[in-house]
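Peer 1: Submitted below is the structure of interest, expressed as C-alpha coordinates.
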Amino acid sequence: MTWFVALIRGIGPGDPRKSNESLRGVLEELGYGDVRSVISSGNVVFTSDETDADAIGDRLEAAWPELRGFTATTIVRSREQLAALVERLPFTEPHDRENYQLVTFFKRSQDRQDPPAGMAMRAVGMVDGALCTTSNPSDLKTPEAMRWLEKTYSKELTSRTPLTLARILKKME
(Lines of atoms letter the chains of each structure in order from A and count residues from 1; the text may use other names and numbers.)
(Lines give C-alpha, C1' and ligand atoms only; values in the text may rest on other atoms or scores of the structure.)
Protein backbone atom coordinates (compact mmCIF):
# COMPACT_ATOMS: atom_id res chain seq x y z
CA MET A 1 0.00 0.00 0.00
CA THR A 2 1.15 3.50 -0.85
CA TRP A 3 0.50 6.62 1.21
CA PHE A 4 -1.00 9.58 -0.63
CA VAL A 5 -2.24 13.06 0.23
CA ALA A 6 -5.20 14.74 -1.44
CA LEU A 7 -4.65 18.52 -1.54
CA ILE A 8 -8.16 19.85 -2.02
CA ARG A 9 -8.67 23.47 -3.10
CA GLY A 10 -11.10 25.83 -1.39
CA ILE A 11 -11.75 23.87 1.78
CA GLY A 12 -12.58 25.58 5.05
CA PRO A 13 -14.42 24.56 8.19
CA GLY A 14 -17.49 26.75 7.52
CA ASP A 15 -19.28 24.40 5.09
CA PRO A 16 -20.40 21.06 6.59
CA ARG A 17 -20.10 19.39 3.17
CA LYS A 18 -16.40 20.27 3.27
CA SER A 19 -15.69 19.36 6.88
CA ASN A 20 -12.84 17.00 7.67
CA GLU A 21 -15.36 14.32 8.59
CA SER A 22 -17.21 14.73 5.28
CA LEU A 23 -14.01 14.68 3.22
CA ARG A 24 -12.74 11.58 5.02
CA GLY A 25 -16.12 9.95 4.45
CA VAL A 26 -15.81 10.34 0.68
CA LEU A 27 -12.38 8.71 0.62
CA GLU A 28 -13.63 5.89 2.83
CA GLU A 29 -16.69 5.40 0.57
CA LEU A 30 -14.32 5.10 -2.39
CA GLY A 31 -12.42 2.34 -0.60
CA TYR A 32 -9.24 4.13 0.46
CA GLY A 33 -7.63 3.09 3.74
CA ASP A 34 -6.05 4.76 6.77
CA VAL A 35 -7.91 8.00 5.96
CA ARG A 36 -6.85 10.95 8.14
CA SER A 37 -7.27 14.73 7.97
CA VAL A 38 -4.46 17.22 8.48
CA ILE A 39 -5.73 20.58 9.79
CA SER A 40 -8.99 21.96 8.37
CA SER A 41 -7.85 23.20 4.99
CA GLY A 42 -8.35 20.30 2.59
CA ASN A 43 -5.53 17.90 3.35
CA VAL A 44 -6.48 14.23 3.58
CA VAL A 45 -3.92 11.43 3.77
CA PHE A 46 -4.79 7.85 2.90
CA THR A 47 -3.43 4.57 1.61
CA SER A 48 -4.21 2.84 -1.65
CA ASP A 49 -2.99 -0.04 -3.76
CA GLU A 50 -3.46 2.25 -6.79
CA THR A 51 -0.26 3.87 -8.00
CA ASP A 52 -1.38 6.66 -10.35
CA ALA A 53 -1.71 9.83 -8.25
CA ASP A 54 -3.27 11.81 -11.12
CA ALA A 55 -5.93 9.14 -11.68
CA ILE A 56 -6.75 9.14 -7.96
CA GLY A 57 -7.08 12.95 -8.08
CA ASP A 58 -9.44 12.71 -11.05
CA ARG A 59 -11.50 10.07 -9.23
CA LEU A 60 -11.80 12.29 -6.15
CA GLU A 61 -12.73 15.35 -8.23
CA ALA A 62 -15.55 13.33 -9.81
CA ALA A 63 -16.72 12.15 -6.38
CA TRP A 64 -17.06 15.57 -4.69
CA PRO A 65 -20.11 16.74 -6.71
CA GLU A 66 -21.64 13.27 -6.83
CA LEU A 67 -21.29 12.49 -3.11
CA ARG A 68 -21.15 15.95 -1.48
CA GLY A 69 -22.52 18.48 -3.97
CA PHE A 70 -19.47 20.67 -4.54
CA THR A 71 -16.58 20.83 -6.98
CA ALA A 72 -12.94 21.22 -5.99
CA THR A 73 -9.62 20.92 -7.74
CA THR A 74 -7.85 17.99 -6.12
CA ILE A 75 -4.16 17.34 -6.50
CA VAL A 76 -2.80 14.04 -5.22
CA ARG A 77 0.82 13.29 -4.39
CA SER A 78 2.38 10.13 -2.99
CA ARG A 79 4.32 10.28 0.26
CA GLU A 80 7.51 9.71 -1.72
CA GLN A 81 6.71 12.56 -4.13
CA LEU A 82 5.88 14.95 -1.29
CA ALA A 83 8.94 13.99 0.78
CA ALA A 84 11.23 14.51 -2.23
CA LEU A 85 9.65 17.91 -2.89
CA VAL A 86 9.97 19.04 0.75
CA GLU A 87 13.60 17.94 0.83
CA ARG A 88 14.35 20.14 -2.20
CA LEU A 89 12.42 23.29 -1.23
CA PRO A 90 14.53 26.31 -2.24
CA PHE A 91 13.65 28.58 0.69
CA THR A 92 16.76 30.05 2.32
CA GLU A 93 15.17 32.15 5.07
CA PRO A 94 12.91 30.84 7.85
CA HIS A 95 9.15 31.03 7.36
CA ASP A 96 7.86 33.90 9.50
CA ARG A 97 5.57 36.94 9.43
CA GLU A 98 7.81 38.87 7.05
CA ASN A 99 8.79 35.88 4.91
CA TYR A 100 5.58 33.99 4.18
CA GLN A 101 6.38 30.90 2.14
CA LEU A 102 3.96 29.12 -0.15
CA VAL A 103 4.25 26.02 -2.28
CA THR A 104 1.67 26.05 -5.08
CA PHE A 105 0.70 22.76 -6.69
CA PHE A 106 -0.78 22.68 -10.19
CA LYS A 107 -3.23 20.21 -11.67
CA ARG A 108 -1.43 20.43 -15.02
CA SER A 109 2.25 20.99 -15.75
CA GLN A 110 3.22 24.68 -15.82
CA ASP A 111 6.28 26.71 -16.73
CA ARG A 112 7.58 29.07 -14.06
CA GLN A 113 6.54 32.68 -14.40
CA ASP A 114 7.80 35.38 -12.10
CA PRO A 115 5.46 37.88 -10.46
CA PRO A 116 5.51 41.32 -12.08
CA ALA A 117 8.02 43.92 -10.95
CA GLY A 118 6.69 45.83 -7.99
CA MET A 119 4.54 42.96 -6.71
CA ALA A 120 5.49 42.04 -3.15
CA MET A 121 5.91 38.38 -4.02
CA ARG A 122 8.99 36.58 -5.28
CA ALA A 123 9.20 33.23 -7.04
CA VAL A 124 12.19 31.37 -5.61
CA GLY A 125 11.93 28.22 -7.69
CA MET A 126 9.97 25.36 -9.20
CA VAL A 127 10.37 21.97 -7.53
CA ASP A 128 8.76 18.88 -9.03
CA GLY A 129 6.22 21.08 -10.79
CA ALA A 130 5.33 23.15 -7.71
CA LEU A 131 5.98 26.91 -7.56
CA CYS A 132 7.73 28.16 -4.43
CA THR A 133 7.09 31.80 -3.52
CA THR A 134 7.77 34.19 -0.66
CA SER A 135 5.97 37.37 0.30
CA ASN A 136 5.51 39.77 3.17
CA PRO A 137 1.83 39.60 4.19
CA SER A 138 1.88 43.22 5.38
CA ASP A 139 2.70 44.20 1.77
CA LEU A 140 0.73 41.51 -0.08
CA LYS A 141 -2.48 39.96 1.19
CA THR A 142 -3.25 36.33 0.36
CA PRO A 143 -6.26 37.15 -1.90
CA GLU A 144 -4.04 39.36 -4.08
CA ALA A 145 -1.40 36.63 -4.34
CA MET A 146 -4.05 34.05 -5.23
CA ARG A 147 -5.53 36.35 -7.90
CA TRP A 148 -2.12 36.63 -9.55
CA LEU A 149 -1.58 32.85 -9.40
CA GLU A 150 -5.02 32.15 -10.87
CA LYS A 151 -4.69 34.79 -13.60
CA THR A 152 -1.18 33.66 -14.51
CA TYR A 153 -1.69 29.90 -14.34
CA SER A 154 -5.32 28.81 -13.81
CA LYS A 155 -7.71 28.04 -10.98
CA GLU A 156 -6.59 24.42 -11.06
CA LEU A 157 -4.07 24.91 -8.29
CA THR A 158 -3.80 24.86 -4.53
CA SER A 159 -1.17 26.23 -2.15
CA ARG A 160 0.29 25.07 1.17
CA THR A 161 2.98 26.35 3.52
CA PRO A 162 6.09 24.25 4.15
CA LEU A 163 4.87 23.78 7.74
CA THR A 164 1.61 22.26 6.49
CA LEU A 165 3.56 19.96 4.15
CA ALA A 166 5.69 18.80 7.10
CA ARG A 167 2.51 18.11 9.11
CA ILE A 168 1.11 16.10 6.21
CA LEU A 169 4.26 13.98 6.02
CA LYS A 170 4.19 13.41 9.79
CA LYS A 171 0.57 12.21 9.57
CA MET A 172 1.63 9.58 7.02
CA GLU A 173 4.07 7.92 9.46
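Going by this note's numbering, 61 is the number at position 59 of the sequence shown; the sequence numbering is gapless.
Glycine included, each C-beta is placed from N, C-alpha and C at the ideal position.
Since the structure is predicted, the reported quantities are computational estimates derived from the model, not experimental observations.
Could you please give me the residues that DSSP links to residue 104 through a beta bridge?
Peer 2: 135
Peer 1: Can you name, in chain order, every residue of its own chain whose Cβ lies under 6 Å from the Cβ of residue 34, other than the five neighbours on each side?
Peer 2: 48 and 50
Peer 1: Where do the N-terminal and C-terminal ends of the alpha helix (DSSP H) with residue 159 fall, by residue?
Peer 2: Taken as a continuous stretch (DSSP letters only), residue 159 belongs to no alpha helix (DSSP H), being part of the beta strand (DSSP E) at 159 to 162.
Peer 1: Within this structure, are the beta carbons of residue 44 and residue 11 separated by less than 8 Å?
Peer 2: With respect to the 8 Å criterion, residue 44 and residue 11 are classified as neighbours on the basis of their beta carbons.
Peer 1: Between the Cα of residue 28 and those of 71, 16 and 100, spot the shortest distance and give me the residue it belongs to.
Peer 2: 71
Peer 1: Report yes or no: do the segment 69 to 88 and the segment 115 to 123 share at least 3 C-beta pairs separated by less than 8 Å?
Peer 2: no
Peer 1: Only counting runs of 3 or more residues, tell me where the beta strand (DSSP E) segments fall wholly within the segment 72 to 99, in order along the chain.
Peer 2: 76 to 80
Peer 1: Going by DSSP in three states, residue 125 sits in which element: helix, strand or coil?
Peer 2: strand
Peer 1: Give the single residue among 136, 162 and 146 whose Cα lies nearest to the Cα of residue 96.
Peer 2: Among 136, 162 and 146, the Cα nearest to that of residue 96 is on 136.
Peer 1: By how many angstroms is the C-alpha of residue 111 removed from the C-alpha of residue 166?
Peer 2: Straight-line spacing of the CA atoms in residue 166 and residue 111 works out to 22 Å.
Peer 1: Could you give the first and the last residue of the continuous alpha helix (DSSP H) run that contains residue 193?
Peer 2: Past the edges of the chain, shown from 3 to 175, lies residue 193, and the structure says nothing about it.
Peer 1: Give me, in chain order, the residues of the same chain whose beta-carbon lies closer than 6 Å to that of residue 115; leave out the 5 immediate sequence neighbours on both sides.
Peer 2: Excluding positions up to five away in sequence, the list reads 154.
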